[in-house]
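In the working numbering, the protein residues as written are 186 to 671. Positions of the beta carbon are idealized from the N, C-alpha and C atoms, including for glycine. Since we're looking at a predicted model, the values are computed, not measured.
So this is what it looks like as structure tokens:
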């Protein structure tokens with residue numbers, strides 16, 4: 186076979202080990218579907234240059250959605266490397282067993298007892314239900330990460346972690362004073378308040394369907410669904426009801442809690458789509474467009490900068506009517522523009538939330554449109570100084586629960602997107618801003634107002650100067666043309 190070019194070689198193709206070995210010829214396309222995963226098309230080719238003895242003859246393509254780990258590159262950032270590790274509680278196998286998290290580990294057994302209390306079923310019932318699906322739960326994690334736990338240990342881990350989360354959900358959404366008192370007594374207020382931060386971490390997740398399974402076994406369906414809805418809304422927005430009408434006809438369930446938060450953040454009123462199913466056709470469409478046409482990269486580079494810079498050009502800022510991070514719009518009027526931005530509550534957990542959401546969108550085999558990363562990238566371009574934060578805060582776009590405006594500006598600077606964003610998401614918005622920004626007819630009045638009328642004193646100074654100029658002109662006129670009758 187060596188030295189022969191153009192000769193066909195048969196290769197074995199496996200798709201996530203869910204299909205039988207199938208043999209395909211050179212150039213043939215293998216289309217396979219896995220349980221709960223996307224359709225994967227593999228074009229089998231043989232390259233005569235790469236046919237050494239050490240080259241494998243079997244290629245495995247895995248498209249299973251998994252709870253992944255943060256890319257090592259992201260953990261090299263000195264400002265952010267600690268934002269990916271839990272401080273109070275471990276959820277799932279990746280950080281399980283750390284000594285500094287033992288306090289919450291001990292409390293999980295109490296959370297299990299509180300979960301079972303009031304139910305007609307005992308601990309063994311819920312444990313056996315998890316044990317029945319333990320293999321499916323294992324498959325949600327990176328290969329090899331659960332090998333050191335036998336089925337009983339892993340099932341118990343999933344049960345305890347899920348009960349810990351459900352306990353926090355109940356504390357956030359219901360009036361359970363006894364549970365709150367017990368939780369506060371064992372964890373303390375600092376650990377209790379930090380728990381939600383640890384639930385945002387990419388490496389600190391359990392399968393979302395395990396949460397729903399236990400909730401469905403413990404509560405009525407409507408009550409369980411309402412608990413989850415209220416928890417997601419309250420955690421993200423500080424309110425129990427979603428702002429605006431949203432459709433929930435998702436094709437796929439979220440894989441974990443972080444993904445559930447993301448789905449809610451990027452969903453829009455008129456259109457709520459599962460990013461795992463819908464992004465791929467859009468991406469392929471863009472790829473085809475890029476392949477067939479030469480893209481002018483200059484069209485993706487914009488010269489406008491911060492909020493202060495845009496305000497000087499007559500651009501006003503207004504909060505969006507929805508919570509979707511995609512709900513960014515720009516309207517250009519005769520002498521001013523209006524940029525609509527979604528509201529956001531900036532807290533001590535915002536940095537960890539965005540960093541882990543960005544880490545999730547950057548993971549291999551994670552098919553998203555990078556909407557959260559693109560939103561953060563856009564906001565970083567708008568926020569360069571505390572003055573920018575002050576403007577957005579006064580417009581009720583940013584709610585500062587972190588501290589000073591300087592801290593908020595510094596936080597956005599420290600969130601590193603590594604230049605990654607989806608240029609297509611906000612492309613039209615940026616183009617409209619750019620067009621308005623360079624339109625002299627629309628911006629000269631705005632610049633005049635911004636320069637001379639930004640405070641009462643500058644306005645009075647301008648009026649006084651104008652009055653003196655008119656007075657001088659009048660005096661000069663009558664000096665040159667005196668009234669002969671006087």
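Determine the DSSP secondary structure at residue i, reduced to helix, strand or coil.
i: residue 530; result: strand
i: residue 334; result: coil
i: residue 667; result: coil
i: residue 294; result: helix
i: residue 441; result: strand
i: residue 208; result: Because the pLDDT at residue 208 is just 43, under 50, the model does not fix this residue reliably, and the value given afterwards should be weighed accordingly. Correct three-state label for residue 208: strand.
i: residue 562; result: helix
i: residue 257; result: helix
i: residue 263; result: coil
i: residue 494; result: helix
i: residue 661; result: helix
i: residue 288; result: helix
i: residue 655; result: helix
i: residue 555; result: coil
i: residue 388; result: coil
i: residue 357; result: helix
i: residue 346; result: helix
i: residue 625; result: helix
i: residue 269; result: helix
i: residue 279; result: coil
i: residue 603; result: coil
i: residue 568; result: coil
i: residue 598; result: helix
i: residue 507; result: coil
i: residue 550; result: coil
i: residue 301; result: helix
i: residue 274; result: coil
What residue range is occupied by the uninterrupted alpha helix (DSSP H) comprising residue i?
i: residue 611; result: Premise fails: residue 611 is in no alpha helix (DSSP H) and is neither H nor E.
i: residue 539; result: 535 to 547
i: residue 589; result: Looking at the DSSP string, residue 589 is not in any alpha helix (DSSP H), and its letter there is neither H nor E.
i: residue 371; result: 362 to 384
i: residue 409; result: 406 to 422
i: residue 312; result: 308 to 317
i: residue 396; result: 393 to 403
Tell me where the beta strand (DSSP E) around residue i begins and ends.
i: residue 515; result: 514 to 517
i: residue 583; result: 583 to 585
i: residue 571; result: First-last for residue 571: 571 to 579, but that is the alpha helix (DSSP H), not the beta strand (DSSP E).
Which residues in the same chain as residue i place their Cβ atom closer than 6 Å to its Cβ, once the five residues preceding and following it in sequence are excluded?
i: residue 559; result: 606, 607 and 610
i: residue 601; result: 262
i: residue 500; result: 522 and 524
i: residue 252; result: 325, 326, 390 and 441
i: residue 310; result: none
i: residue 515; result: 524, 614, 617 and 618
Leaving out the 5 sequence neighbours to the left and right, which residues in its chain are closer than 8 Å to residue i when beta-carbon positions are compared?
i: residue 513; result: 505, 524, 525, 526, 527, 560, 563, 611 and 614
i: residue 393; result: 438, 439, 440, 441, 442, 444 and 445
i: residue 421; result: 446, 449, 450 and 508
i: residue 535; result: 529, 587 and 596
i: residue 510; result: 450, 451, 527, 556, 557 and 560
Sort out for me which residues DSSP pairs residue i with in a bridge.
i: residue 522; result: 500 and 517
i: residue 252; result: 326
Considering only residues of the same chain and omitting the five flanking positions on each side of residue i, which have a CB-CB separation below 7 Å?
i: residue 271; result: 280, 286, 383, 386 and 389
i: residue 368; result: 352, 356 and 377
i: residue 403; result: 300 and 304
i: residue 323; result: 331 and 339
i: residue 582; result: 502, 504, 526 and 528
Within 8 Å (strictly less), CB to CB, does residue i reach chain B?
i: residue 377; result: Chain labels in this structure do not include chain B; a single protein chain is all it has.
Mind the definition here: the region 574 to 591 touches the region 531 to 541 only if three or more C-beta pairs lie below 8 Å; say whether that holds.
yes
Does the region 288 to 308 touch the region 345 to 354, meaning 3 or more C-beta pairs lie closer than 8 Å?
yes
Is the region 379 to 387 touching the region 266 to 280, taking contact as three or more C-beta pairs under 8 Å?
yes
Mind the definition here: the region 435 to 446 touches the region 533 to 553 only if three or more C-beta pairs lie below 8 Å; say whether that holds.
yes
I want to know whether the region 310 to 330 touches the region 338 to 351 - three or more CB-CB distances under 8 Å.
yes
Would you say the region 361 to 376 touches the region 255 to 270, given that touching needs at least three Cβ pairs under 8 Å?
no
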